[in-house]
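Trainee: Residue numbers (the numbering used here), protein chains in the order written: chain A, 1 to 112; chain B, 1 to 114.
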Amino acid sequence: GDSVTQMEGPVTLSEEAFLTINCTYTATGYPSLFWYVQYPGEGLQLLLKATKADDKGSNKGFEATYRKETTSFHLEKGSVQVSDSAVYFCALSDVGFQKLVFGTGTRLLVSP
Amino acid sequence: KAGVTQTPRYLIKTRGQQVTLSCSPISGHRSVSWYQQTPGQGLQFLFEYFSETQRNKGNFPGRFSGRQFSNSRSEMNVSTLELGDSALYLCASSFRGGYTDTQYFGPGTRLTVL
């Protein structure tokens, strides 16, 4: 079945550092890919998405490119802030299935 | 536009009881999905409803059920609660539920089973 693999956390960075969170997927079709963020005590917020190969999703300084050849959707940000501290989830939605398959989440801790 | 709302936000129940959780989607959205989030299993899909019909169901026992009303509001019910049902239950809505659609999540209902 479909699956998403994320790098283990926590990822600990200093403010203004460069962020990369790796995400790879396995799917039978050509899925749509998403990054969601969860702050403590809250639900999930969409960060960005890409629906076809080579699409780049971007939002609030975060970016991710849909790479079909490597089945990856790595999240990047050039300069993180303390307020970016949260748990980040990579997810896919495959053709014909009205559901999201999530990775295990990666906790990001940014210190001043 | 108001976001997805879920009620109640917190619930405490004892084993063997049943519980009903409610979800109101974003206005105009016709698809509602439910997910369970636990530290051990992560985020798992429960079921999805569109126009009052269940279109997709995850791998959960029959104690977990749901329904959707004509105004797209949805409820999920868990009967004969077990300790392992303690979790954050998240509802998400989207316009059609298609695989390219964005699912917008509510704040969740935190269920504790004692």
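Glycine included, C-beta positions come from ideal geometry on N, C-alpha and C.
(1) I need the straight-line Cα distance from arginine 67(B) to serine 74(B), nearest angstrom please.
(2) Would glutamine 103(B) pass as an interface residue toward chain A - the criterion being a Cβ-Cβ separation below 8 Å?
(3) Taking a cut of 8 Å between CB atoms, which residues from the segment 50-76 of chain B lie near chain A?
(4) What does glycine 97(B) touch in chain E if you count any residue whose Cβ is under 8 Å from its own?
(5) Residues of chain A with CB under 7 Å from glycine 108(B), in chain order?
(6) What residues from the segment 75-91 of chain A come within 9 Å of chain B, judged by C-beta to C-beta, listed N to C?
(7) Let me make sure I understand the geometry here. Which of Tyr104(B), Gly98(B), Cys91(B) and Thr80(B) has the alpha-carbon closest to that of lysine 13(B)?
(8) When the Cα atoms are used, what is the spatial distance from tryptophan 35(A) to arginine 15(B)?
(9) When we look at the beta-carbon of serine 31(B) and count the other beta-carbons within 10 Å, is it buried (16 or more) or exposed?
(10) Quick check: what's the CA-CA separation for threonine 100(B) versus serine 93(A)?
(11) Using a 10 Å radius around the Cβ and a threshold of 16 neighbouring Cβ atoms, would you call threonine 7(B) buried or exposed?
(12) Give the C-beta separation of phenylalanine 73(A) and alanine 64(A) to the nearest angstrom, bearing in mind that I take them to be a contact with Cβ-Cβ under 8 Å.
(13) In chain order, what are the residue ranges of uninterrupted beta strand (DSSP E) at least 3 long that sit wholly in the segment 28-64 of chain B?
(14) Given a limit of 7 Å on CB to CB distance, which residues of the segment 81-97 of chain B reach chain A?
(15) Can you tell me where the beta strand (DSSP E) holding serine 111(A) begins and where it ends?
(16) In this structure, how does DSSP classify valine 82(A) when only helix, strand and coil are distinguished?
(17) Have a look at the DSSP bridge pairing and note the partners of glycine 66(B).
(18) Spatial neighbours of lysine 1(B) within its chain, please: C-beta separation below 7 Å, excluding the five flanking residues on both sides.
(19) Between which two residues does the beta strand (DSSP E) harbouring lysine 56(A) extend?
(20) Does glycine 106(B) pass the burial test, meaning 16 or more other C-beta atoms within 10 Å, or should it be called exposed?
(21) On the three-pair Cβ rule with 8 Å, is the segment 88-95 of chain B touching the segment 101-109 of chain A?
(22) Report yes or no: is there a C-beta of chain B within less than 8 Å of the C-beta of valine 95(A)?
(23) Considering only their Cβ atoms, is the gap separating phenylalanine 64(B) from leucine 88(B) smaller than 8 Å?
Mentor: If we stick to the structure as given:
(1) Taking the second sequence and counting its residues from 1, one reaches residue 67(B) at position 67. Taking the second sequence and counting its residues from 1, one reaches residue 74(B) at position 74. Spanning the two alpha carbons is a distance of roughly 6 Å.
(2) Numbered from 1 along the second sequence, position 103 holds the residue referred to as residue 103(B). Closer than 8 Å to some Cβ of chain A, the Cβ of glutamine 103(B) qualifies, so yes.
(3) Close to chain A, meaning a Cβ-Cβ distance shorter than 8 Å, are the following residues of the segment 50-76 of chain B: Phe50, Arg55, Asn56 and Gly58.
(4) Of the protein chains in this structure, namely A and B, none is chain E.
(5) Counting from 1 along the second sequence, the entry for residue 108(B) is found at position 108. Within chain A, the residues near glycine 108(B) are Gly43.
(6) Phe89 and Ala91
(7) Taking the second sequence and counting its residues from 1, the one referred to as residue 13(B) is at position 13. Nearest option by C-alpha distance: Thr80(B).
(8) For the purposes of this step, residue 35(A) is taken as residue 35 along the first sequence, with counting starting at 1. For the purposes of this step, residue 15(B) is taken as residue 15 along the second sequence, with counting starting at 1. C-alpha separation (whole angstroms): 35 Å.
(9) In the second sequence, counting from the first residue as 1, residue 31(B) sits at position 31. Buried, since its Cβ has 16 or more Cβ neighbours within 10 Å.
(10) Taking the second sequence and counting its residues from 1, one reaches residue 100(B) at position 100. Taking the first sequence and counting its residues from 1, one reaches residue 93(A) at position 93. Taking the straight line from one Cα to the other gives about 7 Å.
(11) Residue mapping note: residue 7(B) aligns to position 7 of the second sequence, counting from 1. Label assigned to threonine 7(B): exposed.
(12) Start at 1 with the first residue of the first sequence, and residue 73(A) comes out as number 73. Start at 1 with the first residue of the first sequence, and residue 64(A) comes out as number 64. Indeed, because the Cβ distance is near 5 Å, the residues count as touching under 8 Å.
(13) List check, beta strand (DSSP E) in window: 31-38, 42-50 and 53-57.
(14) Leu90 and Gly97
(15) Working through the first sequence from its first residue, we reach residue 111(A) at position 111. First-last of the beta strand (DSSP E) with serine 111(A): 106-111.
(16) Start at 1 with the first residue of the first sequence, and residue 82(A) comes out as number 82. Of the three classes helix, strand and coil, the one that applies to valine 82(A) here is helix, per DSSP.
(17) Your numbering for residue 66(B) matches position 66 in the second sequence. DSSP lists Met76(B) as partners of glycine 66(B).
(18) Residue mapping note: residue 1(B) aligns to position 1 of the second sequence, counting from 1. Only Ile26 and Ser27 meet the Cβ criterion.
(19) Within the first sequence, numbered from 1, the residue matching residue 56(A) stands at position 56. 56-59 is the span of the beta strand (DSSP E), which, as asked, contains lysine 56(A).
(20) Looking up residue 106(B) in the second sequence gives position 106. Buried.
(21) Of all C-beta pairs linking the segment 88-95 of chain B to the segment 101-109 of chain A, fewer than three are shorter than 8 Å, placing the two stretches out of contact.
(22) In the first sequence, the residue the question calls residue 95(A) occupies position 95. Valine 95(A) counts as touching chain B.
(23) Numbered from its first residue, the second sequence carries residue 88(B) at position 88. Numbered from its first residue, the second sequence carries residue 64(B) at position 64. When the beta-carbon positions are compared, leucine 88(B) and phenylalanine 64(B) stay at least 8 Å from each other.
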